[in-house]
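Everything on this sheet refers to the single structure shown next.
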Amino acid sequence: MASSASENRLLLSKIATNEKHGENSPYFDGWNKYNQNPFHLTENPEGVIQMGLAENQLSFDLVEEWIRKNPKASICTAEGIEKFRNVANFQDYHGLPEFRQAIATFMSKARGGRVTFDPHRVVMSGGATGANELVMFCLADRGDAFLIPSPYYPAFYRDLGWRTGVQIVPVDCDSSNNFKITKEALEAAYEKAQNNNINVKGLIITNPSNPLGTTLDKDTLESLVTFINQKNIHLVCDEIYAATVFSSPKFTCITEVIQNMNCNPNLIHIVYSLSKDMGFPGLRVGIVYSYNDDVVNIGRKMSSFGLVSSQTQHMLASMLSDEDFVEKFLTTSAKRLAKRHGVFTDGLEEVGINCLKSNAGLFCWMDLRRLLKDQTFDGEMVLWRVIVNEVKLNVSPGSSFKCVEPGWFRVCFANMDDDTVEVALKRIRAFVGQGKKAQEQAQVKSPKKRWQSNLRLSFSSSSRRFEQEGVSVMSPRMMSPHSPMPHSPLLRATT
Amino acid sequence: MRMLSRNATFNSHGQDSSYFLGWQEYEKNPYHEVHNTNGIIQMGLAENQLCLDLLESWLAKNPEAAAFKKNGESIFAELALFQDYHGLPAFKKAMVDFMAEIRGNKVTFDPNHLVLTAGATSANETFIFCLADPGEAVLIPTPYYPGFDRDLKWRTGVEIVPIHCTSSNGFQITETALEEAYQEAEKRNLRVKGVLVTNPSNPLGTTMTRNELYLLLSFVEDKGIHLISDEIYSGTAFSSPSFISVMEVLKDRDCDENSEVWQRVHVVYSLSKDLGLPGFRVGAIYSNDDVVVAAATKMSSFGLVSSQTQHLLSAMLSDKKLTKNYIAENHKRLKQRQKNLVSGLQKAGISCLNGNAGLFCWVDMRHLLRSNTFEAEMELWKKIVYEVHLNISPGSSCHCTEPGWFRVCFANLPERTLDLAMQRLKAFVGEYYNVPEVNGRSQSSHLSHSRGQSLTKWVSRLSFDDRCPIHGR
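Top to bottom, those sequences are chains A and B. Numbering follows full-length UniProt numbering, with no gaps: position 416 of the first sequence is 416. Numbering follows full-length UniProt numbering, with no gaps: position 194 of the second sequence is 194.
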């Protein structure tokens, strides 16, 4: 007799059967559309362009060149094979000493050499995903909470809270002051949590910010440090985009700030990764760096659940300790990001679309408020569906980042080549132009009609059609928030 | 307010146990053939270093796999970007084929039901997160791998209730023991969600009998709970009886997707023991239950396998000539090495459980105990570490209910070092216990009291510092 699905469901954990992995949010619907119809310059020029994936693909040529010139870094080449068995055997959760050293050195270089890091505090984890979860497991119990300034990376919901049972309390930021974190917002969020009997254990910030693409200024950082010391709570700084800073102001990391302040070091923890700065998300290199000895100690034991492959450690130890290469990479990468950012934001400006002024990250925070039918999140969703289905660009709606203002969208620019950027800009120009044309036509007919209601007219047919179709539901097997290239040769299974 | 979490402040990571302390002592004074001939020989580490030469020679002949190349083209960029938690399809296919080959192709696995994780450490924890809530329990036969206390309990908040197995029947699982464990859990108000077994067993070095597997299946069927079979040592079953996977038994009993128990049987695998690649962090979860696969897949985000490593191993494991030769040669060398250990122990008057798998023997030193207590076991263990300079694992660290058993590993050191270890052991036993060689059967012996007093000389306080390097088995 077949077991009933619901009986089986009872036999699984709450974690396995709740939705707190967060993958059923509309954030991932866009990816679905992309996966069904991915853009290709020659093979599918009408497909959906993926602009919802914050990846850094601009500087692989430098890495490939280095790999070609350094066969010893691989334990599988003739030059490097003598290291194979020792490396393959090495599962010490301290990590290869040369790897830890290389990471500490690289972290310093990515911060302009203004600070140094101690290799003995470097703890490995399964990407920044693993690192963030690990830090929560160390600092908070089930039911405790962390404050997070909004807008924030959607997957924090899963990474910080899914298996840990930790809650997120957002600290609201808005465009009135360019989304800066204010003392008032922090205090308000903290108080609200207290009033609801929620035990706040800390504050987590992403600096440079995802999705804003901005770095925190020194004053803000100092006020955060003051705040957490006053409340005696932790500060976790996710600095995963540290080396994507491409223009001024320069990046001020938390280490710099606490060096000159009265701060309890036991409260300060950094999360890092090579996924964005180097463009290596597949290699799963996450780092927890804490100034709290107990957290380093315990975190290291926990890192057993997500160590970096020793093969990867070995290669990166070699690569990242090559000072000339690192220097060249960091400089070139920043230059290329600056250029790409410039091309993209200029292109948007030409059609009257502004982005938040940014100096870092792999994306822009685009202001499409004036294009909303209604200044509501429903209005944002309507516009978003038009952009995905009609304009065929997968961008990420601000609501998925828990932004408090509708109309903002994150659009990534570093995960494609120049030609694709051109196509994307062309489509945006056409889309905005279409809107303007409709507006002009409507004004000719009845000049007193408000601009917004004309937009409503021009978009209504397409949005209505989408609403009739309904939102597609992801099947867990098909979807992954991490699948950038469904037609990558890597995905063609060989038999 | 407590500044750190409970996870961070209590000792549920389990690393204060003697299992790990022995490693620490080894780290302070490791044996070296030339530089430190009197150092401690590491026999507490279940690693397989016997067949790495086969992998090295394959690599020498297949440079492309390693050099981020496919058909002459560089695929570095694509690999570096590939973070899809479904894993490289070619790698998963190669994994399931390898798993089937190890099982004599008596069962096959569907790559869509395989989830890759960062080692079996992560696989086991992920399973528990999927199957149990904090405060619930899993039943595990003793003796068991000490790392389970960390892997299964620490961050999940789930309890382990032991299924007591004894030497009276070669530590096999009995129906009585299963029922007693279940009752014990009920008495403690713990809801049992499943049974987790390791087959082949760590630390016993034996494969489960068909009867035991049938028993387990009936038990979980009857109680309506899960069965997780950690088959990490499946490729190390070097002599008869041959390894029987729980998946094979499901097939035997005509259990398919229409039977109740089908979706509740799961397997854990890894390449750390069979291939001797613990550094690469390659683990896997296999389940027939789509919901478990879906949940585990999402959870694997916290510990994916490096794409660089997936690519390399995909090429390696897809080479059927290599896998066939490797599996056969691995068995051969493990069998020979185990034989050497067993005979070396016999010369020292020590016998062990009759083992046919794994990277270790389950050694019977009950006759060397001052008394039938765990205190006496600890005293003996400390002597062995500090005087004989061998790091072996005391049974108590594996939650064995009988004092006097030790796990001794044989595949992580060169043969000549193993021989030296046995010579030391023989000298030790001869000097203190006057026990003659064993002729295939264990003998009891009586310690004279004067000998017994010298044991106390060797009890010393071990200091715990954070240099425990390894979490492996």
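The beta-carbon is built from N, C-alpha and C at its ideal position, and this holds for glycine as well.
Review point. Is the CB-CB distance between B/E231 and B/V268 below 8 Å?
Key: Cβ atoms of B/E231 and B/V268: closer than 8 Å.
Practice item. For A/D238, name the three-state secondary structure that DSSP assigns. Key: Taken through DSSP and simplified to helix, strand or coil, A/D238 comes out as strand.
Review point. So who's on the other strand from A/V257, going by DSSP bridges?
Key: BP columns for A/V257 are empty, so no partner.
Review point. At what residues does the beta strand (DSSP E) containing A/M124 begin and finish?
Key: Element bounds for A/M124: V122 to G126.
Check your understanding: Looking only at its own chain, which residues have a Cβ that is under 7 Å from the Cβ of B/S240, when we skip the five neighbours before and after it?
Key -> Cβ neighbours of B/S240 beyond the five flanking positions: N356.
Check your understanding: Taking Cβ positions, are B/L368 and B/M422 nearer each other than 8 Å?
Key -> No, the pair does not count as a contact, with Cβ atoms beyond the cut-off.
Exercise for review: Could you pull the start and end residues of the alpha helix (DSSP H) that B/E402 belongs to?
Suggested key: Per DSSP, B/E402 belongs to no alpha helix (DSSP H) and is neither H nor E.
Point to revise | Burial state of B/R2 (16 or more Cβ within 10 Å) | key: The residue in question, B/R2, is exposed, as its Cβ has fewer than 16 Cβ neighbours within 10 Å.
**Study point:** Best match in B/M247, B/D364 and B/S229 for proximity to B/G170 [C-alpha to C-alpha]
**Key:** Of B/M247, B/D364 and B/S229, the residue nearest in Cα terms is B/D364.
Exercise for review: Could you list the residues in the stretch 67–91 of chain B with a C-beta less than 8 Å from some C-beta on chain A, going in chain order?
Suggested key: Per Cβ criterion, the list reads A67, F68, K70, S74, I75, F76, A77, E78, L79, A80, L81, F82, Q83, D84, Y85, H86, L88, P89 and A90.
Check your understanding: Is there at least one Cβ from chain B nearer than 8 Å to A/E469's Cβ?
Key -> Residue placement at A/E469 cannot be trusted, given a pLDDT of 33 that sits under 50; the coordinates are not used to answer.
Check your understanding: Identify the residues that DSSP records as bridge partners of B/H226: which are they?
Key -> In DSSP, B/H226 forms a bridge with B/G194.
Exercise for review: Find the nearest neighbour of B/F406 within the set B/P146, B/L213, B/L59 and B/S5, judged by alpha-carbon distance.
Suggested key: Nearest in C-alpha terms to B/F406, of all of B/P146, B/L213, B/L59 and B/S5, is B/P146.
Practice item. List the residues of chain C that A/K14 touches, going by C-beta distances under 7 Å, in chain order. Key: Checking the listed chains, one finds no chain C in this structure; the protein chains it contains are A and B.
Point to revise | Strand pairing of A/R410, partner residues [DSSP] | key: Per DSSP, A/W365 and A/S396.
Review point. How would you list, in chain order, the residues of chain A whose beta-carbon sits under 8 Å from the beta-carbon of B/L226?
Key: Inspection of the sequence shows that residue 226 of chain B is occupied by His rather than by Leu. Within chain A, the residues near B/H226 are L11.
Review point. If you count every other CB in all the chains shown that lies within 10 Å of the CB of B/M43, and 16 or more means buried, which is it?
Key: Taking all protein chains shown into account, B/M43 has 16 or more neighbouring C-beta atoms within 10 Å of its C-beta and is therefore buried.
Review point. Can you tell which of A/P211, A/N207, A/T42 and A/S175 has its C-alpha closest to the C-alpha of A/R410?
Key: Closest in C-alpha terms to A/R410, from the list A/P211, A/N207, A/T42 and A/S175, comes A/P211.
**Study point:** C-beta contact flag for A/F146 and A/A140 at 8 Å
**Key:** In this structure, A/F146 sits near A/A140, with a CB-CB distance shorter than 8 Å.
Review point. Do you know how far the Cα of B/R333 is from the Cα of B/F238?
Key: In a straight line, the C-alpha of B/F238 is about 9 Å away from that of B/R333.
Review point. With burial defined as no fewer than 16 other Cβ atoms inside 10 Å of the residue's Cβ, what is the status of B/R210: buried or exposed?
Key: Exposed, since its Cβ has fewer than 16 Cβ neighbours within 10 Å.
**Study point:** Cα-Cα separation, A/G379 to B/A315
**Key:** Between the alpha carbons of A/G379 and B/A315 lies a distance of about 50 Å.
Check your understanding: Which residues in the same chain have their Cβ closer than 6 Å to the Cβ of B/S444, if we skip the five residues on either side of it in sequence?
Key -> Its pLDDT being 40, under 50, B/S444 is placed unreliably in this model, and the coordinates cannot settle the point.
Practice item. Run the CB neighbour count on B/Y26, radius 10 Å, all protein chains shown included, and call it buried at 16 or more, exposed below. Key: Classification of B/Y26: buried, given that the 10 Å Cβ count is 16 or more.
Practice item. List the residues of chain A that B/G276 touches, going by C-beta distances under 9 Å, in chain order. Key: In chain order: R85, A88 and N89.
**Study point:** Three-state class that DSSP yields for B/I285 in the structure shown
**Key:** The answer is strand: DSSP assigns B/I285 an E or B state.
Check your understanding: Between the C-alpha atoms of B/T401 and B/Y144, what's the straight-line distance to the nearest angstrom?
Key -> The alpha-carbon separation between B/T401 and B/Y144 amounts to approximately 11 Å.
Point to revise | B/G119 versus B/V305 - alpha carbon distance | key: Near 8 Å, if we compare the C-alpha coordinates of B/V305 and B/G119.
Check your understanding: What's the C-alpha gap between A/D419 and B/L217?
Key -> Rounded to whole angstroms, the separation of the alpha carbons of B/L217 and A/D419 is 59 Å.
Practice item. Flag A/C412 as yes if its beta-carbon sits less than 8 Å from any beta-carbon of chain B, otherwise no. Key: So no, A/C412 is outside the interface.
Exercise for review: Go to B/D53, then tell me how far its alpha helix (DSSP H) extends in each direction, as first and last residue.
Suggested key: The continuous alpha helix (DSSP H) containing B/D53 extends over residues L52 to K61.
**Study point:** Beta-carbon proximity list for B/R337, same chain, < 8 Å, skipping 5 on both sides
**Key:** Excluding sequence neighbours, B/R337 sits near L50, F410, A411, E415 and L418.
Review point. By Cβ distance, which residues of its chain are closer than 7 Å to A/L12, with the 5 residues on each side in sequence left out?
Key: Counting only Cβ-Cβ distances below 7 Å, and skipping sequence neighbours, we find nothing.
Review point. Is B/R253 helix, strand or coil when you go by DSSP?
Key: Shown here, B/R253 sits in coil according to DSSP, grouped into three states, outside any helix or strand.
Practice item. Taking only the alpha-carbon atoms, compute the straight-line gap between A/Y157 and A/S25 and give it to the nearest angstrom. Key: Rounded to the nearest angstrom, the two C-alpha atoms are 11 Å apart.
Practice item. Using a Cβ cut-off of 7 Å, pull out every chain B residue sitting near A/R284, in sequence order please. Key: Within 7 Å Cβ-Cβ: L304 and S306.
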